[in-house]
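Note that the numbering used here has the sequence shown beginning at 2, numbered continuously upward. Scroll down for the structure; my scribbles are underneath it.
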Amino acid sequence: MNIRYTVGINEYRRMNTQELRDAFQVNIFETGEINLLYCEVERGIIGAAVPTTTALKLIVGKELAADYFCQRREIGILNIGGQGIVTVDGVEYVVNNLDCLYVGRGSRDITFSSNDVSTPARFYFISYPAHKEFPTALAKKTDANALHLGSVKDANKRTIYQYIHKEGIKSCQLVMGFTALEEGSVWNTMPCHTHERRTEVYMYFGLEDNARVFHLMGLGDETRHLTMANEQAVISPMWSIHSGCGTQAYNFCWGMGGENQRFDDMDHIQIKDLK
Numbered sequence: 002m003n004i005r006y007t008v009g010i011n012e013y014r015r016m017n018t019q020e021l022r023d024a025f026q027v028n029i030f031e032t033g034e035i036n037l038l039y040c041e042v043e044r045g046i047i048g049a050a051v052p053t054t055t056a057l058k059l060i061v062g063k064e065l066a067a068d069y070f071c072q073r074r075e076i077g078i079l080n081i082g083g084q085g086i087v088t089v090d091g092v093e094y095v096v097n098n099l100d101c102l103y104v105g106r107g108s109r110d111i112t113f114s115s116n117d118v119s120t121p122a123r124f125y126f127i128s129y130p131a132h133k134e135f136p137t138a139l140a141k142k143t144d145a146n147a148l149h150l151g152s153v154k155d156a157n158k159r160t161i162y163q164y165i166h167k168e169g170i171k172s173c174q175l176v177m178g179f180t181a182l183e184e185g186s187v188w189n190t191m192p193c194h195t196h197e198r199r200t201e202v203y204m205y206f207g208l209e210d211n212a213r214v215f216h217l218m219g220l221g222d223e224t225r226h227l228t229m230a231n232e233q234a235v236i237s238p239m240w241s242i243h244s245g246c247g248t249q250a251y252n253f254c255w256g257m258g259g260e261n262q263r264f265d266d267m268d269h270i271q272i273k274d275l276k
């Protein structure tokens, strides 16, 4: 498990492009492996599992000082690949493309496998500490709360699929889902905002090899950007905006942990105030 330490609201102003990448950008997908990144911000863990010929078992690292991974944690899992199976304490959950599985605190044995090694599952997950147990639950894409937002005029016509939230799958503090932009739309989360009460992680996916998303971060009056490729994630601390513009339409998985679970708890920034 890799560890990523916090960068402050003042420190980012002095960082060059590579330093910003090293601090905020995350490469997590590797065929045949589970990769984990432990982030000091909100004690979040970002992970990915791409099983092929053998199942991959989620093990606890010394960093958590726990007997098993979910002893004090909960996990949200989104499959962006082929059909897969997540086995939780002997119960198999068939997770299709763009299905979401919530794994509750107290779950001991968690393994990931693919049904077809030629099109393996690509499990992306995010985990936060939990002080209460909620049951493991699977949501199909059709089960998600779908919000249709934006317009062609503003190049941000999109659908937000909410999975783990107050009116959906119940969790301790995790909120998770994904957003899909329609063809011809390239902007997400614009006008932009911050969450002073929680941290958010974006993972961009569904991009072609030669496509990119320019992810905006920093304070609204002193922005920076990171150039994001397919299946790269970015950490957005409480003080930073998180918005993006792509060279084509794309999807992104969003996950949050922190003070509350209100999807609309945002500190908005007007476009005219961005610098």
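Glycine residues also receive a C-beta, built at the ideal position from the N, C-alpha and C atoms. All values reported here derive from a predicted model rather than from experimental measurement.
Whole-angstrom distance between residue j and residue i, CA atom to CA atom
| i | j | result |
| --- | --- | --- |
| isoleucine 127 | glutamate 232 | 14 Å |
| asparagine 17 | methionine 177 | 31 Å |
| lysine 63 | threonine 120 | 33 Å |
| leucine 37 | glutamate 31 | 11 Å |
| leucine 275 | glycine 207 | 28 Å |
| glycine 245 | glutamine 174 | 25 Å |
| proline 288 | valine 104 | Outside the shown range of the chain (2 to 276) lies residue 288, about which nothing can therefore be said. |
| aspartate 68 | isoleucine 242 | 36 Å |
| tyrosine 39 | isoleucine 111 | 18 Å |
| threonine 190 | leucine 217 | 10 Å |
| threonine 248 | leucine 21 | 21 Å |
| arginine 14 | phenylalanine 215 | 18 Å |
| asparagine 97 | phenylalanine 124 | 10 Å |
| isoleucine 76 | tyrosine 129 | 7 Å |
| threonine 180 | cysteine 254 | 6 Å |
| threonine 7 | isoleucine 46 | 13 Å |
| glycine 221 | asparagine 116 | 45 Å |
Proximity below 8 Å, CB of residue i to CB of residue j
| i | j | result |
| --- | --- | --- |
| serine 186 | glycine 151 | yes |
| glutamate 134 | arginine 106 | yes |
| cysteine 278 | tyrosine 164 | Residue 278 lies beyond the stretch modelled for the chain, which goes from 2 to 276, so this question has no answer here. |
| valine 95 | isoleucine 86 | yes |
| leucine 65 | isoleucine 35 | no |
| glutamate 197 | methionine 239 | yes |
| valine 27 | alanine 212 | no |
| alanine 49 | isoleucine 29 | yes |
| alanine 156 | proline 52 | no |
| tyrosine 205 | tyrosine 251 | yes |
| valine 202 | serine 237 | yes |
| histidine 194 | isoleucine 270 | yes |
| threonine 54 | valine 118 | yes |
| threonine 200 | glutamate 43 | yes |
| aspartate 90 | serine 108 | yes |
| arginine 74 | alanine 131 | yes |
Per DSSP, cross-strand counterpart(s) of residue i
| i | result |
| --- | --- |
| aspartate 268 | Thr195 |
| leucine 21 | Partner(s): none; leucine 21 has no beta bridge. |
| arginine 225 | Met218 |
| glutamine 163 | Asn146, Gly178 |
| asparagine 189 | Gly245 |
| methionine 2 | Bridge partners of methionine 2: none, in fact. |
| threonine 88 | Glu93, Thr112 |
| glycine 48 | Leu37, Phe126 |
Backbone secondary structure at residue i - three-state DSSP
| i | result |
| --- | --- |
| arginine 123 | coil |
| glutamine 174 | coil |
| arginine 213 | coil |
| valine 42 | helix |
| arginine 277 | With the chain represented from 2 up to 276, any question about residue 277 goes unanswered, as that position is not in the structure. |
Min CB distance residue i to chain B below 8 Å
| i | result |
| --- | --- |
| glutamate 183 | Among the chains in the structure shown there is no chain B, since it carries only a single protein chain. |
Residue i Cβ short of 7 Å to the ligand SAH heavy atom set
| i | result |
| --- | --- |
| isoleucine 10 | This structure does not include the ligand SAH; it has no bound ligands of any sort. |
Continuous beta strand (DSSP E) assignments of at least 3 residues falling wholly in the region 56-84
Those beta strand (DSSP E) runs which fall completely within the region 56-84 and span 3+ residues are 74-80.
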